[in-house]
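In the numbering used here, the protein residues as written are -6 to 128. Please read the structure below before turning to the comments.
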């Protein structure tokens, strides 16, 4: 962004802060109730190794993963709020996205980038449907 190659970026709230993006932008749209993207912090494991575990071990692993997911969600919300303060303190305009803003964006995307993705990517429609099914 500093060299002018990019004029926008999308990453996690904590990365926006650690990369000091607030030094390069005039406006910041923070994560909120509606967003154009989402981040997961999944626990990944080799499928055959997982299936070789006993039912009790699998259950324990799933329970631990659920606990970690809940913890991360709360920590991410803290990072989201902290990023807003950092950007605001740096004099950056905070532009919260409303549900109406989101729907307007999605209407444009459906006619432009979504269509291009579906036409250019093998299994594009299936992948798009999966992405849009995330709540």
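Every residue, glycine too, gets a C-beta built ideally from N, C-alpha and C.
- When only Cα atoms are considered, residue 56 and residue 91 end up about 34 Å apart.
- In the DSSP assignment, residue 64 falls within the alpha helix (DSSP H) that extends over 48 to 82.
- If you look at residue 103, you'll find it in the alpha helix (DSSP H) that goes 92 to 104.
- Closest by C-alpha distance to residue 93, out of 44, 26 and -2, is 26.
- In the structure shown, residue 12 adopts coil according to DSSP, grouped into three states.
- 21 is the residue among 7, 21 and 6 whose C-alpha sits nearest the C-alpha of residue 0.
- Proximity of the segment 69 to 86 to the segment 9 to 21 meets the contact definition, three or more beta-carbon pairs being nearer than 8 Å.
- By alpha-carbon distance to residue 53, the top candidate from 89, 36, 69 and 65 is 36.
- Counting of Cβ neighbours within 10 angstroms places residue 9 among the buried residues, the total reaching 16 or more.
- Between residue 96 and the set 39, 18, 125 and 51, the nearest pair of CA atoms involves 125.
- For residue 5, the closest of 122, 123 and 73 by C-alpha to C-alpha distance is 73.
- Excluding the 5 residues flanking it on each side, residue 39 has no same chain C-beta neighbour closer than 7 Å.
- Around the beta carbon of residue 59, fewer than 16 other beta carbons sit within 10 angstroms, so the residue counts as exposed.
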